[in-house]
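In our numbering, the protein residues as written are 722 to 974.
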């Protein structure tokens, strides 16, 4: 009631300010008739675009597809030999057959590591198997206690501590998400042959730690996606750089 000077404020948690609120929060340089530099005008144009362009609220979190692909390529290991293949196997916790076959020389290097006793292949069901480094043996076996290990190996001293199954799932998903761009739940669970509910619980734990973030990050995504926060920050930086390039002033002719 304006006449009675009675104002009621209602708080709402939103993904971004409304266009009106944005104008107030980041008043354009010419609002106060100052001589703001060109860089400031460009920065405001990039920021404002994020909430004026989307067709719906679902689009507010969408990032550039090229930026996502660039970070995906950068995050995925690119070993050049057997020793680097072993390091990649350690960092990912485990590698599926499909992932090995999709990368040149990986199958040969993994077989060489198995022959030297540094890696093995865990048959988790009739159709799926996972490659793992010897140092990850007890962790991965805690998730699949009845899986067959070929060739059979014994854990190394210092790497033979017992793992709780839930802690092992958390560790494996943490390791694998460090090498992927945004992924939906199904794409995280299926390669590991794990139930969606079990993976959802692990992702929720990682979210509470601040390790992963959820949202619809890929353009056109219809499912909720999960992404490691440092990779997501890099994708966001690349997206902003692209937006800045689009509004960069042309050379004077």
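Using N, Cα and C, we set each Cβ at its ideal position, and we do this for glycine too.
#### Entry: Same chain only: Cβ atoms within 6 angstroms of residue 956, ignoring 5 sequence neighbours per side
Here residue 956 refers to the residue found at position 235 of the chain shown. Closer than 6 angstroms at the Cβ level, and outside the excluded window around residue 956, lie 784, 788, 789, 792.
### Residue interval of the alpha helix (DSSP H) (run including residue 860)
Position 139 of the chain shown, counted from the first residue, corresponds to residue 860. Note, residue 860: alpha helix (DSSP H), 858 to 864.
#### Entry: Integer Cβ distance of residue 842 from residue 871, believed to fall under 8 angstroms
Counted from its first residue, the chain shown places residue 842 at position 121. Counted from its first residue, the chain shown places residue 871 at position 150. With 8 angstroms as the limit, residue 842 and residue 871 qualify as a contact, their Cβ atoms being about 5 angstroms apart.
### Message
Taking its Cβ as the centre, do 16 or more other Cβ atoms sit within 10 Å of residue 812, making it buried, or is it exposed?
### Response
Position 91 of the chain shown, counted from the start, is the residue given in the question as residue 812. The residue is exposed, with fewer than 16 neighbouring Cβ atoms inside 10 Å.
#### Entry: DSSP three-state assignment for residue 850, whether helix, strand or coil
Here the question's residue 850 lines up with position 129 in the chain shown. DSSP places residue 850 in strand when its eight states are reduced to three.
### Task
Give me the Cα-Cα distance between residue 739 and residue 732, rounded to the nearest whole angstrom.
Working through the chain shown from its first residue, we reach residue 739 at position 18. Working through the chain shown from its first residue, we reach residue 732 at position 11. The straight-line gap from Cα to Cα measures roughly 13 angstroms.
### Query
Using the rule of at least 16 other Cβ atoms within 10 Å of the residue's Cβ for burial, across every protein chain shown, is residue 716 buried or exposed?
No answer is possible for residue 716: the residues shown for the chain start at 722 and end at 974.
### Message
Using only the alpha-carbon positions, how far apart do residue 922 and residue 819 sit?
### Response
For the purposes of this step, residue 922 is taken as the residue at position 201 of the chain shown. For the purposes of this step, residue 819 is taken as the residue at position 98 of the chain shown. Going by the C-alpha atoms only, they are around 25 angstroms apart.
### Query
For residue 728, which of helix, strand or coil comes out of DSSP?
Counted from its first residue, the chain shown places residue 728 at position 7. If DSSP states are grouped into helix, strand and coil, residue 728 belongs with coil.
### Task
Assign residue 951 to buried or exposed, taking buried as 16 or more other Cβ atoms, counted over all protein chains shown, within 10 Å of its Cβ.
As a position in the chain shown, residue 951 is number 230, starting the count at 1. Burial call: exposed.
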